[in-house]
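Residue numbers (this note's numbering), protein chains in the order written: chain A, 20 to 133; chain B, 4 to 115.
The beta carbon of each residue, even a glycine, is placed where N, CA and C say it ideally should be.
Data first, discussion second: the structure below is written as structure tokens.
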């Protein structure tokens, strides 16, 4: 069965420090991968998505970047965090083509920038 | 402009009551998904609705897709504390690489 792992679960980082959040998927190949951010009291905002290794699409201009060094690995990064980067970050995957279940989300990373 | 509007934003009810939450769009969409998210967790897919007028039931939850495929509703019968959570609707944009766009959600609290 397919599973998605996301870590760490919580993170407190000072302003100006770097960031690296990792997401991996097991049990499938060539998935579409997504990074979402959820601010308190708001819905999910799509940050990045990827349809293959090295293929990254950015949805909104921001202080973050994403990379996909392997088929089932998706990394969210920042060189210097801002206070506004605080939020709940969610990784998700879906099968590349065809019908099937919807998006499957990881358990999220709660990032607090102080 | 918010592609999907969900209402109400917050809902607090007593155990055993019925409730309905809504998801509306100004555009026609091909399919819509409902998710439930518990605090500190990622959203979990409940259902996908595709056909205008479609009704799907999941135990005490009834999902309906509007005839014009621009709105959807979720009705919960005899709510229980375990139904507490954030209910999100989402639609998939088509063309190129598909993406999932979410509404802001309805935060439901069912009090025992």
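### Query
Helix, strand or coil: which one does DSSP assign to residue 70(B)?
As a first step, residue 70(B) must be located in the second chain, where it is residue number 67. The answer is coil: DSSP assigns residue 70(B) none of H, G, I, E or B.
### Task
Decide if the region 5 to 22 of chain B is in contact with the region 38 to 57 of chain A; the criterion is three or more beta carbon pairs, one per stretch, under 8 Å apart.
no
### Query
Start and end of the beta strand (DSSP E) containing residue 51(A)?
For the purposes of this step, residue 51(A) is taken as residue 32 along the first chain, with counting starting at 1. Note, residue 51(A): beta strand (DSSP E), 51 to 57.
### Query
Are residue 9(B) and residue 108(B) closer than 7 Å when you measure CB to CB?
Within the second chain, numbered from 1, the residue matching residue 9(B) stands at position 6. Within the second chain, numbered from 1, the residue matching residue 108(B) stands at position 105. Yes, the pair counts as a contact, with Cβ atoms nearer than the cut-off.
### Message
Please return the same chain residues whose Cβ sits closer than 7 Å to the Cβ of residue 127(A), not counting the five positions on each side in sequence.
### Response
As a first step, residue 127(A) must be located in the first chain, where it is residue number 108. Answer for residue 127(A): 25, 107, 108 and 109, listed in chain order.
### Message
Just to confirm my understanding: we take residue 103(B), look at its own chain, exclude 5 residues before and 5 after, and list those with CB closer than 7 Å. What are they?
### Response
Taking the first residue of the second chain as position 1, residue 103(B) is located at position 100. Beyond the five residues adjoining it in sequence on each side, residue 103(B) comes within less than 7 Å, by CB distance, of 93 and 95 in the same chain, given in chain order.
### Query
How would you label residue 111(A), buried or exposed, when you count the other beta carbons within 10 angstroms and need 16 or more for buried?
If you number the first chain from 1, residue 111(A) lands on position 92. When all chains shown are included, residue 111(A) counts as buried.
### Alpha-carbon to alpha-carbon, residue 26(B) and residue 54(B)
In the second chain, counting from the first residue as 1, residue 54(B) sits at position 51. In the second chain, counting from the first residue as 1, residue 26(B) sits at position 23. If I take the Cα positions, the gap works out to 16 Å.
### Message
Would you call the region 69 to 85 of chain B in contact with the region 30 to 48 of chain B, where contact means no fewer than 3 C-beta pairs closer than 8 Å?
### Response
yes
### Query
In whole angstroms, what is the alpha-carbon distance linking residue 7(B) and residue 105(B)?
For the purposes of this step, residue 7(B) is identified with residue 4 of the second chain, where counting begins at 1. For the purposes of this step, residue 105(B) is identified with residue 102 of the second chain, where counting begins at 1. In a straight line, the C-alpha of residue 7(B) is about 7 Å away from that of residue 105(B).
### Message
At the 7 Å Cβ level, is residue 77(A) part of the contact set with chain B, yes or no?
### Response
To locate residue 77(A), count along the first chain from 1; it is residue 58. No, residue 77(A) lies away from the interface with chain B (no Cβ there is under 7 Å from its Cβ).
### Query
Does the beta carbon of residue 108(A) come closer than 7 Å to any beta carbon on chain B?
By one-based count along the first chain, residue 108(A) stands at place 89. No - not a single Cβ of chain B is within 7 Å of the one on residue 108(A).
### Query
Using the C-alpha atoms, what's the distance from residue 61(B) back to residue 34(A)?
The residue you call residue 34(A) lines up with position 15 of the first chain. The residue you call residue 61(B) lines up with position 58 of the second chain. Approximately 45 Å between the Cα atoms of the pair.
### Query
Taking only beta-carbon atoms, is residue 56(A) less than 7 Å away from chain B?
Residue 56(A) sits at position 37 when you count from the first residue of the first chain. No - not a single Cβ of chain B is within 7 Å of the one on residue 56(A).
### Message
Please classify residue 61(A) as buried or exposed, where buried requires at least 16 neighbouring CB atoms within 10 angstroms.
### Response
Position 42 of the first chain, counted from the first residue, corresponds to residue 61(A). Classification of residue 61(A): exposed, given that the 10 Å Cβ count is below 16.
### Message
So, for residue 130(B): in the same chain, excluding its five sequence neighbours on each side, which residues have a beta-carbon less than 8 Å away from its beta-carbon?
### Response
Limits of chain B in this structure are 4 at one end and 115 at the other, which puts residue 130(B) out of reach.
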